[in-house]
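The number in the numbering used here is simply the position in the sequence shown, starting from 1, with 244 added.
Idealized CB from N, CA, C, for every residue including glycine.
Structure, as structure tokens:
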Amino acid sequence: MKWAAPFFALIVSASVVQAAVEDCPQGPEGNLCKAENGDVHAMYMIGREAYDAARETGDYSEAYRWASRARAAGFLGGRMLFKMVHLQAGKGQHHDNVEAHQWITKAIAEGEDYLIPWKRRLERMMTPEQLKAALRAEAE
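Encoded structure:
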């Protein structure tokens with residue numbers, strides 16, 4: 245019976261998300277509404293669109309935000325997108341190397357050890373001022 249309360253909470257939580265999502269427009273134009281209401285697939289779709297746009301603009305912030313949320317919700321696609329965003333950040337593709345360094349450092353602290361070489365690569369591309377700023381921000 246120890247599992248009954250968490251199981252019931254999960255059912256109620258899923259029902260609340262489903263009810264909120266049903267109020268959203270159908271199709272791709274409803275993805276943002278669905279994502280904001282907890283639909284993990286929609287989170288991935290919004291994040292993927294932001295990732296594709298970032299390849300042109302160099303700003304991966306929105307892709308990072310949605311990939312992180314989908315990953316935290318346990319969605320495999322979110323985890324894969326999270327990895328893709330970090331690899332781009334490690335290549336120096338994000339417009340803000342200090343922010344990219346913070347993302348990668350946080351992910352490594354959460355167990356994403358595959359990012360260690362990417363962090364080193366990014367650090368080699370950063371100016372001394374950027375690296376100092378990143379280390380200072382991470383220490384706070």
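For residue i, does the count of other Cβ atoms within 10 angstroms reach 16, so buried, or fall short, so exposed?
i      : result
ALA286 : buried
ALA381 : exposed
ALA383 : exposed
ILE290 : buried
ALA298 : buried
ILE236 : Here the chain has residues from 245 to 384 only, and residue 236 is not among them.
CYS357 : Per the sequence shown, residue 357 should be read as Asp rather than Cys. When all chains shown are included, ASP357 counts as exposed.
Would a C-beta distance cut-off of 8 Å place residue i and residue j closer than the cut-off?
i      : j      : result
GLY336 : MET369 : yes
TRP310 : ALA279 : yes
HIS339 : ASP303 : yes
ALA314 : LEU331 : no
ASN275 : VAL265 : no
LEU366 : ASN341 : yes
Among the options, which residue has its Cα nearest to the Cα of residue i?
i      : options                   : result
LYS376 : LEU359, GLU343 and PRO361 : GLU343
GLN371 : TYR358, THR349 and HIS345 : The question names Gln, but residue 371 in the sequence shown is Thr. That would be HIS345, whose Cα lies nearest to the Cα of THR371.
Could you tell me how far apart the beta carbons of residue i and residue j are, in whole angstroms, since I believe they sit closer than 8 Å?
i      : j      : result
GLY334 : LYS363 : 7 Å
ALA307 : ALA316 : So it is not a contact: roughly 15 Å between Cβ atoms.
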